[in-house]
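S.K.: The structure's right below; bear with me while I get my questions together.
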Amino acid sequence: MEHEILRLLQNCKTINHFKQTHLQIFINGLKNNNFILQTLIIVSANIISLNYAFNVLRTSNSPDVIAYNTMIKCFIGSNNNPTTYNPISVYKQMKTREFVVSPNSFTFTFLLKCFENLNMNLSLNVGRMIHGEVMKMGFDVSSAFVGNALLNFYSKFGSEGVGYACKVFDEMLVRDVVSWNTMIGMYMDCGDVGLAIKLFESMPERSVVTWNSVITGLAKNGKMEHARKVFDEMPKRNEVSWNCLISGYLKLGDLGNAEALLDKMPVKSVVACTAVISGYASIGDVESARKMFDSMGSKRTVVTWNAMISGYINKSMFDEALSLFRLMSVDGKCKPDHITLISVVSACSHLGSLENGKWIAFYINKNKINVSTPLGNALIDMFAKCGDIESSKSIFNQMCNKCIITWTTMVSSLAVHGMCKEALTLFNKMCAQGIKPDDVMFIAVLSACNHGGLVKEGKTLFNQMIHKYAIKPQIAHYGCMIDLLARFGDLDEAIRLTESMDLEPNAVIWGTLIAACKVHGNSKLFEYVTKKVLDQEPSNPSYLTSITNLSSSVGRWEDALRFRQEMREEGIEKVPGCSSIQIGDNVHEFVARDTSHMQRSDIYEMLESLNGHLWLQSDF
DNA sequence: CTAGGGTTAG
């Protein structure tokens, strides 16, 4: 009977199917069979939800430690909602129930795994709490098992975690080769190559993984000659060793050495071929990438498909990316995973094609693909870029593990839809939840102010960014602020801000100020911009042309003539601006002052009426 | 513990 039920459970495909089997378990009095309980938890977590699985566990009579560990394990890599049920509440439950169950080594390793990839301040603290529990329960000193789990956890937090990791390492009574490898990897990640090598040289015994970690670490730190030397010297290489070295070369853009090594491989690994595909893709050589992709035949993995799809996306070949995705679905040998979908969703946002986007969203639902945080982010962005802001909002509200990118995407989506006040409200909501805005978020929120003409709010935020959050403004932040000030008439302040920067103003900033001259006809600003540009870029044809045009547009004909004269004498010529537009199936290309297109002026008029600032982007 | 693919702004 027990085996029969287990078989039924494992074959459950639908919720109804599961519930029928669950009922059978009650009827047959197997409710308290711990082996069945374990399977019940796994299957219900997969088919229904983590909350449901947790309720199954809580309502069972005498769950053992394995049941609790299984439950915690289900949370690994899931998008659990930290505010309701989470792995910590499972742990608490285990210690507070009537029949207290003692956690074991597995409990702690699973708990740590749940939090290692969240990479937030919060999870480091949760980890330290788990560490505290480990100490309280008595460290299992018979092996390096728990110690390694702690080392691995702390090693994910960069310089924040190094101190804790060292302490664990020093206090471990039993260390194995994994403990040393983890420490080496951690120091390599922090850029401390010297210490990593010192550990490597002083460790009692090395495994292939040790050597591979050193190769990878050296490659991460740009030391390929050293990595190559280690590769040549190592006593025994495996497939991964080759993969490590090849992807090291690729990370540094050295396709030549990567290709040469791949040729030398006794049996070309799928991983290395896939890495080379994305190497080709990153330099825009999709033809070579596709050739390699085609040559791999049935050896292709999901990652291979993903590499090829994102290669097309990097080259803005979005239709090709989508058709490769369709081919992948039809081919059926590799199931698209959530990374495939992040790519194709982003292809839809670039295309602005709601039809395609909706189809992908439907595909995700139909195939029960886990909507991870990055996939949710991509969906929010896609719906917004395709004009369906309501769907963006609904995805956003459904996501329980929002990261800073989630909030940033939603804020800028609202902004481009003209819902600027709402964007600011959302920003404040995020801050109120204790999430620190980053530099990208400030670009998003400042440009929301820009879209909405919210001068006062913009100034406050800009100051907050510098003083409250200690973020050094980048050129893009200044660009937003200067544009905001200049367009809404505070020209003096715009100049003052430009002056106060310790960065060189770029084309966007000069363009912004020149545009403001055009709009406001302000002669003081005109003098300023002209003087600065001529001082700093006396022979940059783009600026000179703009200033010449500007001079005539504000009625300073003598200046315009003088500049034009000077440019001729110096032999300065502006490279004609170029842009293209797609009408139906045809791509029309325009070169500035080119009159060969009959419809050119019509299109320009249309574009200008659509977006008064368009010329800023195409003409500079 | 080591290798290959992904999301935000401008």
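When we follow UniProt numbering, the leftmost residue of the first sequence carries the number 1, and every step to the right adds one. All C-beta atoms in this analysis are idealised placements derived from N, C-alpha and C, irrespective of residue type, glycine included. Remember, predicted model here, so these are calculated numbers, not experimental data.
(1) Between the C-alpha atoms of G458 and N506, what's the straight-line distance to the nearest angstrom?
(2) Under 9 Å, do K251 and S298 count as touching if we go by C-beta distance?
(3) If the criterion is Cβ atoms closer than 9 Å, does the pair A219 and S241 meet it?
(4) What runs of the alpha helix (DSSP H), each 4 residues or longer, lie entirely inside the region 385 to 451?
(5) Is L173 helix, strand or coil by DSSP?
(6) Within 10 angstroms of its Cβ, does M224 collect 16 or more other Cβ (buried), or is it exposed?
(7) Rounded to whole angstroms, what is the Cα-Cα separation between Y187 and A196?
(8) Below 8 Å, can you find three or more Cβ-Cβ pairs linking the region 143 to 155 to the region 445 to 457?
(9) From this set, L491, N356 and G158, which residue's C-alpha is nearest D189's C-alpha?
(10) Rounded to whole angstroms, what's the CA-CA distance from N257 to V276? Just pull it up for me.
(11) For L40 and L262, I'd like the C-alpha separation in whole angstroms.
(12) Taking only three categories from DSSP, how would you classify Q474?
(13) Using a Cβ-Cβ cut-off of 6 Å (strictly less than) and excluding sequence neighbours within five positions of L414, which residues of its own chain qualify?
(14) Have a look at M94, N86, I76 and S155 and flag the residue whose alpha-carbon is nearest the alpha-carbon of A67.
(15) Would you report the Cα separation of L37 and N367, rounded to the nearest angstrom?
(16) Can you check the UniProt repeat "PPR" (301 to 335) for any alpha helix (DSSP H) of at least 4 residues that lies completely inside it and give the ranges in chain order?
(17) Let me confirm a value: G376 is counted as buried when at least 16 other C-beta atoms fall within 10 Å, else exposed. Which label applies?
(18) Starting from Q464, follow the alpha helix (DSSP H) in both directions and report where the run begins and ends.
(19) Out of N33, D285, S44 and T70, point me to the one whose CA is closest to N61's CA.
(20) Find the nearest neighbour of I475 within the set G77, T498 and Y91, judged by alpha-carbon distance.
(21) Evaluate M135 with the Cβ neighbour count: other Cβ atoms within 10 Å of its Cβ, from every protein chain shown; 16 or more gives buried, anything less gives exposed.
(22) Kindly indicate the opening and closing residues of the alpha helix (DSSP H) around R496.
(23) Quick check on M183: does DSSP put it in helix, strand or coil?
(24) Given this structure, state the Cα-to-Cα distance separating M317 from D285, to the nearest angstrom.
(25) Closer than 7 Å by C-beta to I360: which residues in its own chain qualify, once you throw out the five before and the five after it? Chain order, please.
(26) For the alpha helix (DSSP H) that contains M292, what are its first and last residues?
(27) Who are the near neighbours of N238 in its chain, counting only those whose CB is closer than 6 Å to its CB and skipping five residues on each side?
(28) Keeping to the same chain, check which residues put their C-beta closer than 6 Å to that of I215; ignore five residues upstream and five downstream.
(29) Three Cβ pairs or more, each shorter than 8 Å: is that satisfied between the region 462 to 474 and the region 508 to 516?
(30) Quick check on this structure: which residue in N356, D140, R97 and N125 has the alpha carbon closest to the alpha carbon of T107?
(31) When the Cα of G357 is compared with those of F169, T373, L327 and D388, which residue comes out closest?
(32) Please classify M71: does DSSP put it in a helix, a strand, or coil?
(33) I believe M71 touches F54 by the beta-carbon criterion, under 8 Å. Please report the beta-carbon distance rounded to the nearest angstrom.
(34) On the CB-based measure, 16 or more other CB atoms within 10 Å of its CB, does T210 come out buried or exposed?
M.R.: Taking the geometry as given:
(1) Walking along the first sequence from the start, residue 458 turns up at place 458. Walking along the first sequence from the start, residue 506 turns up at place 506. When rounded, the separation of the alpha-carbon atoms in G458 and N506 is 21 Å.
(2) Within the first sequence, the letter at position 251 stands for residue 251. Within the first sequence, the letter at position 298 stands for residue 298. For K251 and S298, no; Cβs fall outside 9 Å.
(3) As a working mapping, residue 219 is identified with position 219 in the first sequence. As a working mapping, residue 241 is identified with position 241 in the first sequence. It is not a contact, given that the beta carbons lie outside the stated cut-off.
(4) With a minimum length of 4 residues, the continuous alpha helix (DSSP H) runs that stay inside the region 385 to 451 are 389 to 398, 404 to 416 and 420 to 432.
(5) Residue 173 sits at position 173 when you count from the first residue of the first sequence. Under the three-state reduction of DSSP output, L173 falls in the coil class, being neither helix nor strand.
(6) As a first step, residue 224 is located in the first sequence; it is residue number 224 there, counting from the start. It counts as buried.
(7) Indexing the first sequence from 1 puts residue 187 at position 187. Indexing the first sequence from 1 puts residue 196 at position 196. One C-alpha to the other measures close to 5 Å.
(8) Taking one beta carbon from each stretch, the region 143 to 155 and the region 445 to 457 have fewer than 3 pairs nearer than 8 Å; the two do not touch.
(9) Within the first sequence, residue 189 is the residue found at index 189, counting from 1. Comparing Cα-Cα distances from D189 to each of L491, N356 and G158, the minimum goes to G158.
(10) For this step, residue 257 is matched to residue 257 along the first sequence. For this step, residue 276 is matched to residue 276 along the first sequence. N257 and V276: Cα-Cα distance of roughly 11 Å.
(11) Taking the first sequence and counting its residues from 1, the one referred to as residue 40 is at position 40. Taking the first sequence and counting its residues from 1, the one referred to as residue 262 is at position 262. Distance between the alpha carbons of L40 and L262: 46 Å.
(12) Stepping through the first sequence from its first residue, residue 474 is reached at position 474. Correct three-state label for Q474: coil.
(13) Along the first sequence, one-based indexing puts residue 414 at 414. Cβ neighbours of L414 beyond the five flanking positions: E422 and A423.
(14) In the first sequence, residue 67 corresponds to position 67, counting from 1. It is M94 whose Cα lies nearest to the Cα of A67.
(15) By one-based count along the first sequence, residue 37 stands at place 37. By one-based count along the first sequence, residue 367 stands at place 367. Approximately 27 Å, taken between the alpha carbons.
(16) Those alpha helix (DSSP H) runs which fall completely within the UniProt repeat "PPR" (301 to 335) and span 4+ residues are 302 to 314 and 318 to 331.
(17) Position 376 of the first sequence, counted from the start, is the residue given in the question as residue 376. Burial call: buried.
(18) Taking the first residue of the first sequence as 1, we reach residue 464 at position 464. Annotation: Q464 is outside any alpha helix (DSSP H) and is labelled neither H nor E by DSSP.
(19) Taking the first sequence and counting its residues from 1, the one referred to as residue 61 is at position 61. Of the candidates N33, D285, S44 and T70, the one whose C-alpha sits nearest the C-alpha of N61 is N33.
(20) Counting from one through the first sequence, the residue named residue 475 turns up at place 475. Comparing Cα-Cα distances from I475 to each of G77, T498 and Y91, the minimum goes to T498.
(21) The residue given as residue 135 occupies position 135 in the first sequence. Burial call: exposed.
(22) Here residue 496 corresponds to residue number 496 of the first sequence, with the count starting at 1. Per DSSP, R496 belongs to the alpha helix (DSSP H) from L491 to S500.
(23) Walking along the first sequence from the start, residue 183 turns up at place 183. In this structure, DSSP gives M183 a helical state, which the three-state scheme calls helix.
(24) Taking the first residue of the first sequence as position 1, residue 317 is located at position 317. Taking the first residue of the first sequence as position 1, residue 285 is located at position 285. Using only the alpha carbons, I get a separation of about 12 Å.
(25) By 1-based counting over the first sequence, the position of residue 360 is 360. Excluding sequence neighbours, I360 sits near L341, V344, V345 and C348.
(26) For the purposes of this step, residue 292 is taken as the residue at position 292 of the first sequence. Start and end: V286 to M296.
(27) Taking the first residue of the first sequence as position 1, residue 238 is located at position 238. Scanning its chain for C-beta atoms nearer than 6 Å, with the 5 sequence neighbours on each side dropped, one finds around N238 the residues V208, in chain order.
(28) Sequence index remark: in the first sequence, residue 215 carries index 215 (1-based). A227, V230, F231, C244 and L245, listed in sequence order.
(29) The region 462 to 474 is not in contact with the region 508 to 516.
(30) For the purposes of this step, residue 107 is taken as the residue at position 107 of the first sequence. The residue from N356, D140, R97 and N125 with its alpha-carbon nearest to that of T107 is D140.
(31) Taking the first sequence and counting its residues from 1, the one referred to as residue 357 is at position 357. Minimum Cα distance to G357 is reached at D388.
(32) As a working mapping, residue 71 is identified with position 71 in the first sequence. Under the three-state reduction of DSSP, M71 is assigned to helix.
(33) What you label residue 71 is simply residue 71 of the first sequence in a count that begins at 1. What you label residue 54 is simply residue 54 of the first sequence in a count that begins at 1. So it is a contact: roughly 6 Å between Cβ atoms.
(34) To locate residue 210, count along the first sequence from 1; it is residue 210. A buried status is given to T210, since no fewer than 16 other beta-carbon atoms sit within 10 Å of its beta-carbon.
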